[in-house]
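For the protein sequence lines, the chains are A and B, in the order given. Count along the first sequence starting at 1, add 2, and that's the number in our numbering. Count along the second sequence starting at 1, add 424, and that's the number in our numbering. Backbone N, C-alpha and C fix where the C-beta goes; we use that ideal spot for every residue, glycine too. To keep things clear, I will list the structure first and then write my remarks on it.
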Amino acid sequence: MKQEHIVIIGNGIAGVTLARHIRKLSDKRITLISSESEHFFSRTALMYVYMGHMKWDHLKPYEDKFWKKNRLELKQAYVTEVNTDQKRLKLESGELFAYDKLVIACGSKSNKFGWPGQDAKGVLGLVSKQDLEELEELAPNNQVCKRAVIVGGGLIGVELAEMLATRNIPVTFLVREPHFWNNVLPDEEAKLIDRHIREHHIDLRLSSNLDEILTDEQGKVKGVKIKETDEVVDCDVVGLTPGVSPNVEFLKNSAIELNRGVLVNRHLETSVTDVYAIGDCAEQREPIGNRPAVEAVWYTGRMMGETLAQTLCGNPMEYKPGHWFNSAKFFDIEYQTYGWVFPKPPEGHTDFYWEHEDGKKCIHIQYEKGSRQFKGINTFGIRLRHEVFDHWLTQKATVDEVIDNLKLANFDPEFYKHYENEIINVFRTQKAEV
Amino acid sequence: MSANLNMSVTGNAPEALSIQQKLSSALGLAGLLIMSLSITDIGFQPKTLWLSLSLGMVAAGIVWYSKASYAHLPEGIKNDGVYFKSLTNRGLWAYILGLLLTGFYVVLYFYPSLLGLNSEGENTGIVALFDPLSQALSGNPASQWFVYGTLYTLAILGFGIKFLWKYRHNRYQRLRTFSVMFFQLGFAFIIPEVMARLNGDDFSLPYYNLVNIWPLNYYNFEQYRVDEFISAGSVGIGLLIFGVLSILVITPILTYKYGKRWYCSWVCGCGGLAETAGDPFRHLSDKSQNAWKLERWLVHTVVVFVVISTTAVVYSYLKTDQYWLSGTAFLISVATLLTIVFSWVMIYKRQELQKDAKYAAIGFLVLILALIGLHFSGMTDKIFVFEAETLRSSYGFAIGAIFSGVVGVGFYPIFGNRVWCRFGCPMAAILGFQQRLFSKFRITTNGGQCISCGNCSTYCEMGIDVRAYAQKGENIVRSSCVGCGICASVCPRGVLKLENDTPAGRINSQEVLLGNDVDLMDLVNQNQKN
Chain A
3 MKQEHIVIIG NGIAGVTLAR HIRKLSDKRI TLISSESEHF FSRTALMYVY MGHMKWDHLK
63 PYEDKFWKKN RLELKQAYVT EVNTDQKRLK LESGELFAYD KLVIACGSKS NKFGWPGQDA
123 KGVLGLVSKQ DLEELEELAP NNQVCKRAVI VGGGLIGVEL AEMLATRNIP VTFLVREPHF
183 WNNVLPDEEA KLIDRHIREH HIDLRLSSNL DEILTDEQGK VKGVKIKETD EVVDCDVVGL
243 TPGVSPNVEF LKNSAIELNR GVLVNRHLET SVTDVYAIGD CAEQREPIGN RPAVEAVWYT
303 GRMMGETLAQ TLCGNPMEYK PGHWFNSAKF FDIEYQTYGW VFPKPPEGHT DFYWEHEDGK
363 KCIHIQYEKG SRQFKGINTF GIRLRHEVFD HWLTQKATVD EVIDNLKLAN FDPEFYKHYE
423 NEIINVFRTQ KAEV
Chain B
425 MSANLNMSVT GNAPEALSIQ QKLSSALGLA GLLIMSLSIT DIGFQPKTLW LSLSLGMVAA
485 GIVWYSKASY AHLPEGIKND GVYFKSLTNR GLWAYILGLL LTGFYVVLYF YPSLLGLNSE
545 GENTGIVALF DPLSQALSGN PASQWFVYGT LYTLAILGFG IKFLWKYRHN RYQRLRTFSV
605 MFFQLGFAFI IPEVMARLNG DDFSLPYYNL VNIWPLNYYN FEQYRVDEFI SAGSVGIGLL
665 IFGVLSILVI TPILTYKYGK RWYCSWVCGC GGLAETAGDP FRHLSDKSQN AWKLERWLVH
725 TVVVFVVIST TAVVYSYLKT DQYWLSGTAF LISVATLLTI VFSWVMIYKR QELQKDAKYA
785 AIGFLVLILA LIGLHFSGMT DKIFVFEAET LRSSYGFAIG AIFSGVVGVG FYPIFGNRVW
845 CRFGCPMAAI LGFQQRLFSK FRITTNGGQC ISCGNCSTYC EMGIDVRAYA QKGENIVRSS
905 CVGCGICASV CPRGVLKLEN DTPAGRINSQ EVLLGNDVDL MDLVNQNQKN
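See below:
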């Protein structure tokens, strides 16, 4: 029998996880196509190269010899067209490339919302390796870049602010919401992070929208205008970080059905046979639970890769992610979340919030009012065990069980001060009668 | 790739020193300059004043520099610009510092007279400058080793304060650093010096740092020391017994409970210097699989070497039958002990050993037993094939001086701060062997939270590719891990935790990470077991 050739567009976490797992399970021929970088790297760590914590090579989770050793073929190319009838890809070089099964794992690109000047020189996002290279060129220091403006108060925005701050570049940070990441975080945590961002001398502007990006005669950025105040902020670089969206332009003329992303069913199959999509670029036809239809998260990309490998190796499997979890770091404050915590508790739910007196650690729990079933926790500045919370969520533990046993879930380094007793006391005082 | 070229070489990233950092560096260097000038005997008098001034300026310079670097910043990880600085990115300054350090070690070990050591009469130069301090502590004039010990202690205390400032948010790091500072100042420096005061005509103890355990302290059981111990009565015998118990009883118990970190990053002087003065260079360790392979071969070869060499030396004086233990009985005990350990590993821990470690263990055991057999087959003057003294002196030269000193510390700015501990230290190898096979210690990975960023691997001074385990959801159980805890500190997602827990389930490996479909995880992990 002819060896099946699986071609994966994209060598990010989704595509690479898929390739590794297929290799573990089978002998199929596997090709990873990417124009971004020769080898897989950790996108989430791009910031550390600019900050001087690491070099580019440190971002690569596998040594360069890994790919050959595991017979994973790497092709540096840009796919311009997908012909699903002939099962062929057209590459930018004009070359045609055949596949037996195709997996689209091409990830995201930065959002742009049609602002005047958004394509000027000096405007960039922070998603790709090329973005990092461009930033290094545009903002090597505070002489070349006297000020930067960041638009969009999410995870990438705050990373970019931290990066620029390490090179002593003054940063103005425009956030649409009343507080940082307030569309995801409840007010309390959002305010805590507001304070911390300002502690790092970032000029944080809340409830502020970008009106337009101003350019000079050469078409280079010279400032931005804020909608609410008409204030003009002079700057040399504008970081656009209002989220990401699936990078699916090149599929517009293909037979594959698209919406915002590549539409897939629970088996991660697209509308065309033998074509699949995973990671940031995939869009679930039916969102799963509280999850958005497009999930641009490291972990979900990895999980889709783990799942699809089973399907492609003869064990058809639905994508059924377990309990939601995520994490991030805002300057010096770590954040983890398990289960669902919404900006405001949904109907029939309530919450419990505890904050340490230093204003840098807190936990926020949401639970169902009647049953007292625990729904989710946000934790800042205190590390918690994934395994324990996963178990509690599966067991549908009550908020009381969770609070009483919080010590079991502590994951802070040894000798750290514990706050569980304080948290239990505050909880009992506030919530015992409810 | 263009990224490889242009990153990190823009040159005007945030590496510039502040005015305070420059002034404090100048102050510290001026202190060192006084010391260096004293080599020419230009007559710094009174010496007490100039020595205090010199040491004081170095200490004040380091503390001031630390304050200027960290005090004004919020608590947190302070690795900004590490790869932009010449000194910490193998630039020109790194090579200059490396040359100065290796030069210092060469002079110290092989040309101490250049420092002013004079065994016939009065010291001159730097050694003489340190006479007042040595007189105050031990009542004797200084030696080159006293100068070295003082500077070593100063470095651990000074840069220990810097480390404390850098990691002031992290209680594990703070306690650990206090610990190495305490053991260096007390056990390695002051206590042995003061003990020397007790020595008189009819009572004399060898210079003994209680926490410098054989085989790191490879000369601990040499004849002159053993004789001194015995002649010093019950105190001496007590210390000798303590030395034997240290490696055979105390060390295994503590390593079982806490992992080898109790020694390597909490007590040991080599570890102490690496964790304090060496901290700015920790990321320079080689993380490749080839380096790991080299490490396993080298460090275990050193263990074999030190066991043979020590056995030979001890046998060479025991066989004269002046002691209660006969040479033959000693050799038989060594062989028995090795065989017991080896059999235990092969019977109970076979699966946990990697393939090549198993080969190495078999090979080396056969070698040792063969050599002992060779002895019984007739040679009398020589043990094994060499003179005991030849073995001892070549170990002292190759391992004691060149590896641990010249290369181990001299190359900090090029190969990182744990070259000796990783590739050469027989003590670390023995503790590591036990840590891997028989300990409660591990670094736990937090479910599926790893984002493969690589901070943990980059900042691992032992060159462990921590990420390779963390991104698979596996715990890290590696013999070389000294438990410094920096991987857990620099992790931006709270993925790693050093802990001591039950040995069951310590080594886990799952194909599918937590967070995915429960059925899928069950299925895959079942398949794996079959």
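First through last residue of the beta strand (DSSP E) which encompasses residue i
i: residue 83 of chain A; result: 81-85
i: residue 77 of chain A; result: 74-78
i: residue 364 of chain A; result: 364-370
i: residue 236 of chain A; result: 234-236
i: residue 277 of chain A; result: 277-279
Outcome for residue i when other beta-carbon atoms lying within 10 angstroms are tallied against a minimum of 16
i: residue 168 of chain A; result: buried
i: residue 58 of chain A; result: buried
i: residue 470 of chain B; result: exposed
i: residue 396 of chain A; result: exposed
i: residue 307 of chain A; result: buried
i: residue 5 of chain A; result: exposed
i: residue 381 of chain A; result: buried
i: residue 180 of chain A; result: exposed
i: residue 301 of chain A; result: buried
i: residue 460 of chain B; result: exposed
i: residue 512 of chain B; result: buried
i: residue 814 of chain B; result: exposed
CB contact below 9 Å: residue i versus chain A
i: residue 431 of chain B; result: Residue placement at residue 431 of chain B cannot be trusted, given a pLDDT of 43 that sits under 50; the coordinates are not used to answer.
i: residue 496 of chain B; result: no
i: residue 878 of chain B; result: yes
i: residue 913 of chain B; result: yes
i: residue 595 of chain B; result: yes
i: residue 893 of chain B; result: no
Distance between residue j and residue i (C-alpha atoms, nearest Å)
i: residue 585 of chain B; j: residue 591 of chain B; result: 10 Å
i: residue 125 of chain A; j: residue 223 of chain A; result: 7 Å
i: residue 322 of chain A; j: residue 61 of chain A; result: 29 Å
i: residue 742 of chain B; j: residue 517 of chain B; result: 51 Å
i: residue 685 of chain B; j: residue 906 of chain B; result: 5 Å
i: residue 597 of chain B; j: residue 416 of chain A; result: 10 Å
i: residue 913 of chain B; j: residue 884 of chain B; result: 11 Å
i: residue 490 of chain B; j: residue 305 of chain A; result: 44 Å
i: residue 435 of chain B; j: residue 171 of chain A; result: Note that residue 435 of chain B scores 41 on pLDDT, short of 50, meaning its location in the model is unreliable; the coordinates nonetheless yield the value given after this. Between residue 435 of chain B and residue 171 of chain A, the C-alpha separation is close to 15 Å.
i: residue 866 of chain B; j: residue 303 of chain A; result: 28 Å
i: residue 802 of chain B; j: residue 726 of chain B; result: Reliability of the predicted coordinates at residue 802 of chain B is poor, the pLDDT of 46 falling under 50, and the value obtained from them is presented with this limitation in mind. Distance between the alpha carbons of residue 802 of chain B and residue 726 of chain B is about 27 Å.
i: residue 441 of chain B; j: residue 450 of chain B; result: 12 Å
i: residue 98 of chain A; j: residue 89 of chain A; result: 10 Å
i: residue 400 of chain A; j: residue 248 of chain A; result: 38 Å
i: residue 611 of chain B; j: residue 691 of chain B; result: 9 Å
i: residue 113 of chain A; j: residue 127 of chain A; result: 8 Å
i: residue 74 of chain A; j: residue 29 of chain A; result: 11 Å
Limits of the alpha helix (DSSP H) - the one that residue i falls within
i: residue 248 of chain A; result: Taken as a continuous stretch (DSSP letters only), residue 248 of chain A belongs to no alpha helix (DSSP H), being part of the beta strand (DSSP E) at 246-248.
i: residue 450 of chain B; result: 443-461
i: residue 660 of chain B; result: 657-669
i: residue 525 of chain B; result: 516-534
i: residue 466 of chain B; result: Here residue 466 of chain B belongs to no alpha helix (DSSP H), and DSSP marks it neither H nor E.
i: residue 26 of chain A; result: 15-27
i: residue 427 of chain A; result: 422-433
i: residue 606 of chain B; result: 595-606
Residue j beta carbon less than 9 Å from that of residue i
i: residue 762 of chain B; j: residue 789 of chain B; result: yes
i: residue 86 of chain A; j: residue 94 of chain A; result: no
i: residue 499 of chain B; j: residue 593 of chain B; result: yes
i: residue 939 of chain B; j: residue 325 of chain A; result: yes
i: residue 311 of chain A; j: residue 31 of chain A; result: no
Residue-level contact to chain B via CB, residue i, 9 Å cutoff
i: residue 309 of chain A; result: yes
i: residue 330 of chain A; result: yes
i: residue 50 of chain A; result: yes
Residue i: CB within 8 Å of a non-hydrogen atom of the ligand NAD
i: residue 916 of chain B; result: Looking for the ligand NAD in the displayed structure turns up nothing, as the structure carries no ligands at all.
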